[in-house]
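K.L.:
Have a look at the structure that comes next, please.
Number of protein chains: 2
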Amino acid sequence: MADTKKPEMSASQAEILDAAAEVFMRLGTETASIDDVARQLGSTKGRIYHHFPSKGVLLAEVCLRAADFVLKKVPPVITPVATPEENLRQMILTHIPEVLRTLPYHKVIIQSYVGVQQKSTTPLERALFAQVQQERKTYETLFREVLRAGMEDGSFRAQNLSITLQSVLLMINAPVFWYRPRDDEPESFLPELSTQLADMALASLR
Amino acid sequence: MADTKKPEMSASQAEILDAAAEVFMRLGTETASIDDVARQLGSTKGRIYHHFPSKGVLLAEVCLRAADFVLKKVPPVITPVATPEENLRQMILTHIPEVLRTLPYHKVIIQSYVGVQQKSTTPLERALFAQVQQERKTYETLFREVLRAGMEDGSFRAQNLSITLQSVLLMINAPVFWYRPRDDEPESFLPELSTQLADMALASLR
DNA sequence: AGGCAAACATACTACTGAGTATGCTGTCAA
DNA sequence: TTGACAGCATACTCAGTAGTATGTTTGCCT
Numbered sequence: 122m123a124d125t126k127k128p129e130m131s132a133s134q135a136e137i138l139d140a141a142a143e144v145f146m147r148l149g150t151e152t153a154s155i156d157d158v159a160r161q162l163g164s165t166k167g168r169i170y171h172h173f174p175s176k177g178v179l180l181a182e183v184c185l186r187a188a189d190f191v192l193k194k195v196p197p198v199i200t201p202v203a204t205p206e207e208n209l210r211q212m213i214l215t216h217i218p219e220v221l222r223t224l225p226y227h228k229v230i231i232q233s234y235v236g237v238q239q240k241s242t243t244p245l246e247r248a249l250f251a252q253v254q255q256e257r258k259t260y261e262t263l264f265r266e267v268l269r270a271g272m273e274d275g276s277f278r279a280q281n282l283s284i285t286l287q288s289v290l291l292m293i294n295a296p297v298f299w300y301r302p303r304d305d306e307p308e309s310f311l312p313e314l315s316t317q318l319a320d321m322a323l324a325s326l327r
Numbered sequence: 122m123a124d125t126k127k128p129e130m131s132a133s134q135a136e137i138l139d140a141a142a143e144v145f146m147r148l149g150t151e152t153a154s155i156d157d158v159a160r161q162l163g164s165t166k167g168r169i170y171h172h173f174p175s176k177g178v179l180l181a182e183v184c185l186r187a188a189d190f191v192l193k194k195v196p197p198v199i200t201p202v203a204t205p206e207e208n209l210r211q212m213i214l215t216h217i218p219e220v221l222r223t224l225p226y227h228k229v230i231i232q233s234y235v236g237v238q239q240k241s242t243t244p245l246e247r248a249l250f251a252q253v254q255q256e257r258k259t260y261e262t263l264f265r266e267v268l269r270a271g272m273e274d275g276s277f278r279a280q281n282l283s284i285t286l287q288s289v290l291l292m293i294n295a296p297v298f299w300y301r302p303r304d305d306e307p308e309s310f311l312p313e314l315s316t317q318l319a320d321m322a323l324a325s326l327r
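Have a look at this one:
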């Protein structure tokens, strides 16, 4: 655990992950083949297997990147000087645009969340998915602590914390299920969407 | 449209659908094979293909049944004499236990909702999935109308209706993502879960 | 210049899993 | 009783896909 966990991803690897996320989103992680991903890249299998040892690892890396996106943006906006309401609101207002900016990644990680333990994975794949699980747990804890603090000081209604946490998390991820970027969409839509969801989430806690 | 849409499902067919829902839930709709479903039944492929022409149709029938479950229970509790809040609360308190009672089916339909258009489907499969889409839309409309009525008479805060609808729907389906029945679970847990979610959903609208 | 990796492309192999063709068995009507 | 059909089981076929083995090019260091 001595070394920092940044495996120095190359530009080509990032490009492959972008393509994989896009294709996995469109076709589903199981249905999509490595050849589909290669076609999306305008290249062939060889390129992908040069950088990733298996399809399972590729999928795991996509999920890991999805988790990293929000995990880099949200923690910095939390501050001890703010009230739980203010903290939670800022977290949500940061979370939603970042998720929609990297939408394909999050559509993929939700697939892996809804369906399925991976079948017959290699040790490396298991390790990566364990890391995804870990980061997910870390991210949940950020929200859990804010909710707990708010319930303690009476800002939020006292009730089952786990249920509350899951509900709030799913609520702020709801756009992942239905949002599709549109050409005729006004500039103001994303901020409006974010604030409305933040309002609803906060209201649900009172 | 003259005939009633009840294709007279046999007991054997229902048993197959139960097994398919269970296996599709555990392994994922793409990963799970027909042989897996057959093994769950303690029989072989032959039985399944005798009743269903393809894996896609089998999956579609599972989704259709999932939609039917809630669509049979929820509409009867809606009444014009009640306020929008009261109607919505009763709908949620009916929806959640029914979903958890038939959990595997709903885990499957959510998979098909998150991931993917089906690839290279037969006309029959397309027709069935269109029917699923139709029933889903019908179900959504029930909630949309109650929300709209509540916004009109001032019970609910006026805001983007579609966003509100999607958020509420996802919120009351949240347990599908995380709930797992436990042996040491008190009798009272399900009612408590339902009322807490109903409270949160209604509060989010104020 | 030249050699040597890294970064791919090409051409395979092996296997899994959907779908089919056919065989077997009980049941029920005529 | 018999034949005919529903309800399965068994034993295949065949297409698609993950993974591999091996070529080919491109930078890059000396």
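Going down the list, the sequences are from chains A and B.
For the first sequence, our numbering begins at 122 and goes up steadily by one.
For the second sequence, our numbering begins at 122 and goes up steadily by one.
For each residue, glycine too, the CB sits at the ideal point set by N, CA and C.
Being a predicted model, the structure only gives us computed values, none of them experimental.
1) So what does DSSP say about B:G167, is it helix, strand or coil?
2) Note down the Cα distance separating A:F298 from B:A322, rounded to an integer number of angstroms.
3) Are the region 134-141 of chain B and the region 149-168 of chain B in contact at 8 Å, needing three or more beta carbon pairs?
4) Near B:R289, which residues of its chain fall below 6 Å by C-beta distance, leaving aside the five closest residues on each side in sequence?
5) Go through its chain and collect everything with a Cβ distance to A:L249's Cβ below 6 Å, but skip five positions before and after it.
6) Taking 9 Å as the threshold (beta carbon to beta carbon), is B:L311 in contact with chain A?
7) Does DSSP classify B:M130 as helix, strand or coil?
8) I want to know whether the region 192-208 of chain A touches the region 305-315 of chain A - three or more CB-CB distances under 8 Å.
9) Could you compute how far the alpha carbon of B:E246 sits from the alpha carbon of B:T152?
10) Whole angstroms is fine: what's the gap from A:L179's alpha carbon to A:G271's?
11) What number of angstroms, rounded off, separates the C-alpha of A:F277 from the C-alpha of B:Q317?
12) If you measure beta-carbon to beta-carbon, which residues of the region 143-157 of chain A are closer than 7 Å to chain B?
13) Helix, strand or coil for A:Q211? Go by DSSP, reduced to three states.
14) For A:T150, count the other beta carbons within 10 Å of its own beta carbon; 16 or more makes it buried, fewer makes it exposed. Which is it?
15) Quick check on B:E151: does DSSP put it in helix, strand or coil?
16) Candidates A:I284, A:I155 and A:M292: which alpha carbon is nearest B:I339's?
17) A:I230 touches chain B at which residues, Cβ-Cβ below 7 Å?
18) Taking 9 Å as the CB-CB limit, is B:N208 close to chain A?
19) Would you tell me roughly how many angstroms separate the C-alpha atoms of B:S325 and A:R210, rounded to the nearest one?
20) Could you give the distance in angstroms between the alpha-carbon of A:Y170 and the alpha-carbon of A:D189?
21) Taking only three categories from DSSP, how would you classify A:L326?
22) Between A:V191 and A:Y260, which are expected to be in contact by the criterion C-beta below 8 Å, what is the C-beta distance as a whole number of angstroms?
23) With a threshold of 16 other CB atoms inside 10 Å of the CB of A:P307, please say whether the residue is buried or exposed.
24) Quick one: give me the first and last residue of the alpha helix (DSSP H) that B:T262 is part of.
25) List, in chain order, every chain A residue whose beta-carbon is nearer than 7 Å to that of B:R327.
26) List, in order along the chain, the chain B residues whose C-beta lies closer than 7 Å to that of A:M292?
27) Between which two residues does the alpha helix (DSSP H) harbouring B:F190 extend?
28) Identify, in the order they occur along the chain, each residue of the same chain with its Cβ nearer than 8 Å to the Cβ of B:P296, setting aside the five sequence neighbours on each side.
29) Thinking B:L282 and B:R265 are a contact (beta carbons under 8 Å), I'd like their distance in whole angstroms, please.
30) Name the chain A residues whose beta carbon is nearer than 9 Å to that of B:Q264?
31) Hey, could you find the ends of the alpha helix (DSSP H) B:Q337 is sitting in?
32) For B:S133, which of B:H172, B:D156, B:T165 and B:M146 has the nearest alpha-carbon?
33) Would you identify the three-state DSSP class for A:V202, choosing helix, strand or coil?
34) Residues of chain B with CB closer than 8 Å to the CB of A:F298, please, in chain order.
35) Under three-state DSSP, which class holds B:F310?
P.N.:
On the basis of the coordinates in this document:
1) helix
2) 18 Å
3) yes
4) The amino acid occupying residue 289 of chain B in the given sequence is Val; Arg does not appear at that position. Around B:V289: A322.
5) A181
6) no
7) coil
8) no
9) 19 Å
10) 39 Å
11) 13 Å
12) L148, G149, E151 and T152
13) DSSP places A:Q211 in helix when its eight states are reduced to three.
14) buried
15) coil
16) Because chain B spans 122 through 327 in this model, residue 339 of chain B falls outside it and cannot be assessed.
17) Those do not exist, as A:I230 stays about 10 Å from chain B at its closest Cβ, beyond 7 Å.
18) no
19) 14 Å
20) Whole-angstrom Cα-Cα distance: 23 Å.
21) Of the three classes helix, strand and coil, the one that applies to A:L326 here is coil, per DSSP.
22) The C-beta distance from A:V191 to A:Y260 rounds to 6 Å, short enough to fall under 8 Å.
23) exposed
24) P244 to E273
25) A324
26) S288, L291 and M292
27) K176 to K194
28) Cβ neighbours of B:P296 beyond the five flanking positions: I217, V220, L221, L314 and L318.
29) 7 Å
30) The question names Gln, but residue 264 of chain B in the sequence shown is Phe. What B:F264 touches in chain A: nothing, since even the nearest Cβ is about 14 Å away.
31) Any answer about residue 337 of chain B is impossible in this case: the structure gives chain B only from 122 up to 327.
32) B:H172
33) coil
34) Y234, V235, Q287 and L291
35) helix
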